[in-house]
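A.B. asks: Take a look at the following structure, please.
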Amino acid sequence: MDLFDGITRRISKTKKYVLAVAVAQDYDVLSAVVRAVKMNLVEAILVGDENKILDIAQMHGFNVDQTKIVHEPDSTMACETAVKLVSSGEANLLMKGLVDTSVLLKAVLNKEWGLRTDRVLSHVTVASIPDYDRFFYITDAAMNIAPDVEAKKQIILNCLPVAKALGVDVPKVAVVCAVEKVNPKMQATLDAQALSDMQDRGEITGCFVDGPFAFDNAISELAAHHKGIHNPNAGKADILLMPAIEAGNILYKAITYFAKGSVACMIAGAKAPIVLTSRADSDDAKLNSIALCVLMADRQ
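Spelled out as structure tokens, the structure:
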């Protein structure tokens, strides 16, 4: 399934969004932003080292003549400036450029002018993988290091609107662990059982939550059948709730490097959608992510 097309055909295109880019002096970042502007997905404000931005643009033929550039060579200050553009309403979306995630998130979480809400912020990756007939929603690959069961509940709730915006009416959530049976020595399996119980009690609604699932029987009906797993949602997962950031991050990068899949990534749970990809991600991944955040802004 084509990820970019799957996202963009659901965007209303009746609103114009402004994207604030923190530390924009990077080829892939500028390439994605220029393409998004040309497609009328967004207008952009580039925050960063103006000289480096213009040098990259000139070297690669990027037209930034009509794009506002805010000169701020210090990465920390550039992140703060970009976040303030969003919190003030001058921009609607935020994008991470050539900067450590932790630096941007420190600005995002500022109590005075940041973008935090009363919800847990979490990272969502939408992945299109060759030979699969659906998108997968992987969470959390970049934000929450070792979430407890209550944080995992919030992570699920953050991910649901993304899946629903892309046409999954009742997402199937697989709580992914190393094994598919509850083991008192493996906290992830205990969390999986607890989350499934929460759904049964009505604490999590609008989806099916099941687990624990090993990765194979979360995504493959054949694997689930071979293992004798008779859960009706086995092998049919849409959302893959990962046990910790290591598992999520490795899966996300394995999809792009090993499986040659396409991804779109964002931070959910903030006051505005945040484009947050790996610095090594391609311009296509960054463009997909911009489109995803536009779609989610449409839904807010």
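Using the working numbering, the first residue of the sequence shown is number 6, and each one after it goes up by one.
C-beta: ideal position from N, C-alpha, C; glycine also.
(1) Determine the direct distance from the alpha carbon of Met271 to that of Thr298, and round the result to whole angstroms.
(2) Does any residue of chain D bring its CB to less than 7 Å from the CB of Arg124?
(3) Exposed or buried, Glu77, counting other C-beta atoms within 10 Å across all chains shown (16 or more means buried)?
(4) What residue range does the beta strand (DSSP E) around Arg35 cover?
(5) Val23 and Ala87: beta carbons closer than 7 Å?
(6) Cα-Cα, which of Tyr137, Lys101, Ala132 is closest to Ala168?
(7) Name the DSSP beta bridge partners of Val108, please?
(8) My output table needs one value for Thr130: the three-state DSSP class, helix, strand or coil.
(9) Report the start-end ranges of each beta strand (DSSP E) in the stretch 192–261 that is 3 residues or longer and not cut off at the edges.
(10) What separation, rounded to the nearest whole angstrom, lies between the Cα atoms of Leu200 and Ile50?
(11) Can you tell me which of Ile279, Lys241, Asn163 puts its alpha carbon nearest to the alpha carbon of Leu120?
(12) For the beta strand (DSSP E) containing Phe141, name the first residue and the last one.
(13) According to the Cβ coordinates, are Ala146 and Asn254 closer than 7 Å?
(14) Please determine, among Ile234, Glu226, Pro248, the residue with the shortest C-alpha to C-alpha distance to Lys241.
(15) Let's test the definition: count the other Cβ atoms within 10 Å of the Cβ of Ile150 and tell me whether it reaches 16, buried, or not, exposed.
(16) Assign Ser80 to buried or exposed, taking buried as 16 or more other Cβ atoms, counted over all protein chains shown, within 10 Å of its Cβ.
(17) In this structure, how does DSSP classify Gly11 when only helix, strand and coil are distinguished?
(18) Report the residue from Cys182, His230, Ala183, Lys158 whose alpha carbon sits nearest the alpha carbon of Glu208.
(19) Whole angstroms are fine: how far does the CA of Gly216 sit from the CA of Asp136?
C.D. replies: On the basis of the supplied data:
(1) Sequence index remark: in the sequence shown, residue 298 carries index 293 (1-based). Sequence index remark: in the sequence shown, residue 271 carries index 266 (1-based). Correcting the residue identity first, residue 298 is Cys in this sequence and not Thr. Cα to Cα, the separation comes out at about 7 Å.
(2) Absent from the structure: chain D. Only one protein chain is present.
(3) Working through the sequence shown from its first residue, we reach residue 77 at position 72. Flag for Glu77 reads buried.
(4) As a working mapping, residue 35 is identified with position 30 in the sequence shown. Rather than Arg, the amino acid found at residue 35 in this sequence is Leu. Premise fails: Leu35 lies in the alpha helix (DSSP H), 32–43, not in any beta strand (DSSP E).
(5) Here residue 23 refers to the residue found at position 18 when the sequence shown is read from its first residue. Here residue 87 refers to the residue found at position 82 when the sequence shown is read from its first residue. For the pair Val23 and Ala87, the CB atoms are not nearer than the 7 Å cut-off.
(6) Position 163 of the sequence shown, counting from 1, holds the residue named residue 168. Residue Ala132 is the option with its Cα nearest to Ala168.
(7) As a working mapping, residue 108 is identified with position 103 in the sequence shown. For Val108, no pairing in a beta bridge is given by DSSP.
(8) To locate residue 130, count along the sequence shown from 1; it is residue 125. Of the three classes helix, strand and coil, the one that applies to Thr130 here is strand, per DSSP.
(9) Scanning the stretch 192–261 for uninterrupted beta strand (DSSP E) segments of 3 residues or longer gives 213–219, 244–246, listed from N- to C-terminal end.
(10) For the purposes of this step, residue 200 is identified with residue 195 of the sequence shown, where counting begins at 1. For the purposes of this step, residue 50 is identified with residue 45 of the sequence shown, where counting begins at 1. Approximately 41 Å, taken between the alpha carbons.
(11) As a working mapping, residue 120 is identified with position 115 in the sequence shown. Of the candidates Ile279, Lys241, Asn163, the one whose C-alpha sits nearest the C-alpha of Leu120 is Ile279.
(12) Counting from 1 along the sequence shown, the entry for residue 141 is found at position 136. Phe141 -> beta strand (DSSP E) spans 141–144.
(13) As a position in the sequence shown, residue 146 is number 141, starting the count at 1. As a position in the sequence shown, residue 254 is number 249, starting the count at 1. For Ala146 and Asn254, yes; Cβs fall inside 7 Å.
(14) By 1-based counting over the sequence shown, the position of residue 241 is 236. Looking at the Cα atoms, Glu226 is the closest of the given residues.
(15) By one-based count along the sequence shown, residue 150 stands at place 145. By the neighbour-count rule (16 or more Cβ atoms within 10 Å), Ile150 is not buried but exposed.
(16) By 1-based counting over the sequence shown, the position of residue 80 is 75. Ser80 is buried by the Cβ-count criterion.
(17) The residue labelled residue 11 in the question sits at position 6 within the sequence shown. Three-state DSSP puts Gly11 in a helix.
(18) Here residue 208 refers to the residue found at position 203 of the sequence shown. Nearest neighbour of Glu208 by Cα position, chosen from Cys182, His230, Ala183, Lys158, turns out to be Lys158.
(19) To locate residue 136, count along the sequence shown from 1; it is residue 131. To locate residue 216, count along the sequence shown from 1; it is residue 211. In a straight line, the C-alpha of Asp136 is about 24 Å away from that of Gly216.
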